[in-house]
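K.L.:
Chains as they are written, first to last, in our numbering: chain L, -8 to 171; chain W, -8 to 171.
Can you read through this structure? Questions will come right after.
Number of protein chains: 2
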Amino acid sequence: MDITDINKFLQLSIGRWRSQRSGHNLAFSHFEEVRSTIDIVELKADEPAVIEICHLYGFDPGSALHPFRMSWEGESDWDEEETLEGNCVLVPIPNQNNPNQGKLLREKGYAETIAAIGEYRITEDGTFILLTEYDRAAAEERIWFATPNLRFRVSLIKTSDGNGVLTASFSSEIRSLSTQ
Amino acid sequence: MDITDINKFLQLSIGRWRSQRSGHNLAFSHFEEVRSTIDIVELKADEPAVIEICHLYGFDPGSALHPFRMSWEGESDWDEEETLEGNCVLVPIPNQNNPNQGKLLREKGYAETIAAIGEYRITEDGTFILLTEYDRAAAEERIWFATPNLRFRVSLIKTSDGNGVLTASFSSEIRSLSTQ
């Protein structure tokens, strides 16, 4: 299933997902296992949170495409006592000449708890690729749909020069079809 | 790092790799962790094993591109007593008009212990995609290089109609630079 259109990709992403994530620490060959629930909720372009993050980066909120809020709650086998949870607002700003490439504004990043701006593109085989540079690290995410109800995500945390990969993780995300 | 040429992709694959693999059983949310060593050794087109598999499928061994033998030896956390090991010969047969697409002949598959023929292509962003159909299942593999010494592999086992995904696995493969 090749989703090569950013509108379809973002629309299909809306919903509740049951996620199974494996983290690989490459230097130490360690594994981490995380089970979580991810909620992706569409936001309107005129919501205060969307307007605020657009203004932070100097973009017109009117150019936002399908902004959304992502929240997650999960448990890691590294620390079963602790619940991993958080949420952030994400705002895609497509390029004017090609909406399948653009910027993704983020209230907070995964790797660091600061606002971040990433560059996205969708490849011809339907992989959404997001590159985000932080002060001391860079993140690369690849997300693709196998079916409308199953998507995969590979996330890399790299050194800031982009040459070394510190950790890699793989998520299988299954749409939760229950109405709860 | 985008390897979009099949020759470069196959040449870079030669060597010994230390692999960390996470398997996700999607129906039961089970995780499996496997650590293994993978050796990929180039073969000559006139080696008996290469000629034999070409003849099995009716191809001219002269059209083979960088045939290789892959062998692996590892341990799973599901059964630490048992060593996972095996090896097989793989023979890429590129299309005449576009070598970045073609067939991959395989002495034995991963999913089933029978010979198999798959269809490969390399995408513009350097992902090698291999689709193999078996009698009762289909396999999809995606392999890409992050650096010359680090590659990732996502393998899916699907139902034979291609619509359902039974298991997904993710491997981080680091080139072993020791001379042992």
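Even glycine gets a Cβ: it sits at the ideal position worked out from N, Cα and C.
If you're wondering where the values come from, they're calculated on a predicted model, not measured in any experiment.
Is the CB-CB distance between residue 127 of chain L and residue 134 of chain L below 8 Å?
P.N.:
No, Cβ-Cβ distance for residue 127 of chain L and residue 134 of chain L is not below 8 Å.
K.L.:
Only counting the same chain, and skipping five residues up and downstream in sequence, which positions put a Cβ closer than 6 Å to that of residue 146 of chain L?
P.N.:
Correct list, in chain order: 132 and 160.
K.L.:
Which one of L:45, L:111 and L:62 has the shortest CA to CA distance from residue 174 of chain L?
P.N.:
With chain L running from -8 to 171 in the structure shown, residue 174 of chain L is simply not present.
K.L.:
Considering only residues of the same chain and omitting the five flanking positions on each side of residue 118 of chain L, which have a CB-CB separation below 8 Å?
P.N.:
The answer, listed in chain order, is 133, 134 and 135.
K.L.:
Whole angstroms are fine: how far does the CA of residue 90 of chain L sit from the CA of residue 171 of chain L?
P.N.:
Per-residue confidence for residue 171 of chain L stands at a pLDDT of 49, beneath the threshold of 50, marking its modelled position as unreliable; no derived number is given.
K.L.:
Less than 8 Å between CB atoms is the rule here; does residue 20 of chain L satisfy it with respect to chain W?
P.N.:
By this cut-off, residue 20 of chain L is an interface position.
K.L.:
Can you tell which of W:17, W:141, W:86 and W:84 has the C-alpha that lies nearest to the C-alpha of residue 4 of chain W?
P.N.:
Here the closest residue by C-alpha is W:141.
K.L.:
Is the shortest distance between the beta-carbon of residue 109 of chain W and the beta-carbons of chain L less than 8 Å?
P.N.:
Not one chain L Cβ lies under 8 Å of residue 109 of chain W.
K.L.:
So, under 8 Å CB-CB, residue 1 of chain L and residue 47 of chain L are touching, yes? Tell me the CB distance rounded to an integer number of Å.
P.N.:
Not quite, the Cβ-Cβ distance comes to about 21 Å (not below 8 Å), so this is no contact.
K.L.:
Give, in chain order, every residue of the segment 25 to 53 of chain L whose Cβ lies closer than 7 Å to some Cβ of chain W.
P.N.:
The residues in question are 26.
K.L.:
Could you tell me if residue 11 of chain L is buried or exposed, where buried requires 16 or more neighbouring beta carbons within 10 angstroms of its beta carbon?
P.N.:
Flag for residue 11 of chain L reads buried.
K.L.:
List, from N- to C-terminal side, the alpha helix (DSSP H) runs of 4 residues or more that fit wholly inside the segment 28 to 66 of chain W.
P.N.:
You should have 39 to 48.
K.L.:
Can you look up residue -2 of chain W in the DSSP assignment and give me helix, strand or coil?
P.N.:
Three-state result, residue -2 of chain W: helix.
K.L.:
Are the Cβ atoms of residue 17 of chain W and residue 163 of chain L separated by less than 8 Å?
P.N.:
Their beta carbons are under 8 Å apart, which means residue 17 of chain W touches residue 163 of chain L by this criterion.
K.L.:
Does any C-beta atom of chain W lie closer than 8 Å to the C-beta of residue 143 of chain L?
P.N.:
So yes, residue 143 of chain L belongs to the interface.
K.L.:
Strictly by DSSP, which residues pair up with residue 70 of chain W?
P.N.:
Bridge partners of residue 70 of chain W: W:67.
K.L.:
Using 8 Å as the threshold, is the C-beta distance between residue 59 of chain L and residue 84 of chain L below it?
P.N.:
Cβ atoms of residue 59 of chain L and residue 84 of chain L: not closer than 8 Å.
K.L.:
Going by beta carbon distance, what residues of the same chain come within less than 6 Å of residue 29 of chain L, once the five residues before and after it are set aside?
P.N.:
Cβ within range, chain order: 8, 10 and 63.
K.L.:
Hey, how far is the Cα of residue -6 of chain W from the Cα of residue 39 of chain L?
P.N.:
The alpha-carbon atoms of residue -6 of chain W and residue 39 of chain L are separated by roughly 43 Å.
K.L.:
So the candidates are W:166, W:156, W:35 and W:67; which of them puts its Cα closest to the Cα of residue -8 of chain L?
P.N.:
Ranking W:166, W:156, W:35 and W:67 by Cα distance to residue -8 of chain L puts W:156 first.
K.L.:
Alpha carbon to alpha carbon, how far is residue 151 of chain L from residue 125 of chain W? Give it in angstroms, no decimals.
P.N.:
Spanning the two alpha carbons is a distance of roughly 43 Å.
K.L.:
Taking the beta carbon of residue 15 of chain W as the centre, do at least 16 other beta carbons fall within 10 Å, making it buried, or is it exposed?
P.N.:
It counts as buried.
K.L.:
With DSSP as the reference, identify every bridge partner of residue 166 of chain W, one or two as the case may be.
P.N.:
Per DSSP, W:8.
K.L.:
Please confirm if residue 159 of chain L has its CB atom under 8 Å from at least one CB of chain W.
P.N.:
Chain W contact via Cβ: present.
K.L.:
For the segment -5 to 17 of chain L, list every residue whose C-beta sits within 8 Å of some C-beta in chain W, in sequence order.
P.N.:
Those would be 9, 11, 13, 15 and 17, in chain order.
K.L.:
Please give me, in chain order, every unbroken run of the beta strand (DSSP E) with length at least 3 that falls completely inside the segment 106 to 137 of chain W.
P.N.:
Runs of the beta strand (DSSP E) inside the segment 106 to 137 of chain W: 107 to 113 and 119 to 124.
K.L.:
Hey, how far is the Cα of residue 87 of chain W from the Cα of residue -3 of chain W?
P.N.:
Each residue's Cα considered, the two are about 13 Å apart.
K.L.:
With DSSP run on the structure shown, which of helix, strand or coil describes residue 157 of chain L?
P.N.:
Correct three-state label for residue 157 of chain L: strand.
K.L.:
Under the three-state reduction of DSSP, which class applies to residue 17 of chain L: helix, strand or coil?
P.N.:
In the structure shown, residue 17 of chain L sits in coil (DSSP, three-state: anything other than H, G, I, E or B).
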